[in-house]
C-alpha cells in the first residue's frame with residue numbers, strides 16, 4: 169500500500185540507525201522478557217531492523233512481521249530472506265489466522281512516550297483516532313495466545329542527533 173511512509177523508505181534505515189534507535193539493545197530487552205522459541209509478532213516491522221537483531225539472539229523463534237507499507241517490506245525481505253514471515257497488513261484490521269506468544273510494537277504502530285522533565289508517560293502511535301486505536305489494540309489481543317504479552321517501546325524524549 170502507498171501511504172505517508174512510502175516516501176521515507178529510501179532513507180528510513182539511515183535515519184533510525186543514526187541515534188534514533190539502538191536495535192541491538194531493544195532486541196536484547198525484548199528477548200529478556202519473552203525468552204527463547206516463542207511465536208513473535210512485530211507490529212510495524214518496517215525494514216526489518218529489529219527483527220534482524222531479534223532473530224540473531226533467538227534463531228529458534230517463529231517471527232512474523234506486519235507492516236502496511238509495501239516499500240518497507242521489500243527492504244525487510246531483502247534483509248531477512250526467509251528467516252521471518254512478512255505480511256502486508258494494518259494492525260487495526262489484520263486477520264492473520266494465527267496466535268502469538270508476544271506482540272512487539274517498537275513505535276512503528278504504538279509506543280509509550282516519555283515526556284522527559286514532566287515525569288509523565290503518554291500512549292502514542294501512528295494510528296489516527298481514538299476508536300481506531302481501541303479497535304487495533306483489541307485486534308492485537310485477538311492475535312495473542314492466552315497469557316500473551318504486548319510489548320510497547322518506551323520512547324525517550326527526542327534529542328538532537
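In my numbering, the protein residues as written are 169 to 329. Beta carbons are placed, not taken as given, at the ideal position from N, Cα and C, and that holds for glycine.
Is residue i buried or exposed, if buried means 16 or more other CB atoms sit within 10 Å of its CB?
| i | result |
| --- | --- |
| residue 329 | With a pLDDT of only 46 at residue 329, under the threshold of 50, the placement of this residue in the model should not be trusted, and no figure is reported. |
| residue 260 | buried |
| residue 218 | buried |
| residue 182 | exposed |
Can you list, in chain order, the residues of its chain whose CB lies under 7 angstroms from that of residue i, leaving out five sequence neighbours each side?
| i | result |
| --- | --- |
| residue 245 | 254 |
| residue 300 | 260 |
Taking only the alpha-carbon atoms, compute the straight-line gap between residue i and residue j and give it to the nearest angstrom.
| i | j | result |
| --- | --- | --- |
| residue 212 | residue 258 | 8 angstroms |
| residue 229 | residue 220 | 12 angstroms |
| residue 252 | residue 289 | 32 angstroms |
| residue 272 | residue 232 | 10 angstroms |
| residue 262 | residue 186 | 31 angstroms |
| residue 166 | residue 277 | Since the first residue of the chain shown is 169 and the last is 329, residue 166 is not available in this structure. |
| residue 330 | residue 190 | Outside the shown range of the chain, which is 169 to 329, sits residue 330, and nothing can be said about it. |
| residue 284 | residue 274 | 19 angstroms |
| residue 298 | residue 317 | 22 angstroms |
| residue 234 | residue 206 | 17 angstroms |
| residue 197 | residue 309 | 21 angstroms |
| residue 247 | residue 305 | 28 angstroms |
| residue 331 | residue 200 | Since the first residue shown for the chain is 169 and the last is 329, residue 331 is missing from the structure and cannot be characterised. |
| residue 270 | residue 282 | 23 angstroms |
| residue 293 | residue 240 | 18 angstroms |
| residue 319 | residue 307 | 15 angstroms |
What residue does the beta strand (DSSP E) around residue i start on, and which one ends it?
| i | result |
| --- | --- |
| residue 211 | 207–211 |
| residue 273 | 268–273 |
| residue 254 | 253–256 |
| residue 230 | 230–235 |
Rank the options by C-alpha distance to the C-alpha of residue i and give the top, closest one.
| i | options | result |
| --- | --- | --- |
| residue 236 | 309, 295, 310, 312 | 295 |
| residue 177 | 200, 195, 214 | 214 |
| residue 264 | 320, 209, 293, 302 | 209 |
| residue 225 | 240, 192, 242 | 192 |
Going by beta carbon distance, what residues of the same chain come within less than 6 angstroms of residue i, once the five residues before and after it are set aside?
| i | result |
| --- | --- |
| residue 227 | none |
| residue 243 | 215 |
Got a sec? Which residues, its chain only, sit under 8 angstroms from residue i by beta carbon, not counting five neighbours each side?
| i | result |
| --- | --- |
| residue 267 | 207, 311, 312, 313, 316 |
| residue 223 | 229, 231, 248, 251, 252 |
Along the chain, where does the alpha helix (DSSP H) containing residue i start, and where does it finish?
| i | result |
| --- | --- |
| residue 241 | 238–248 |
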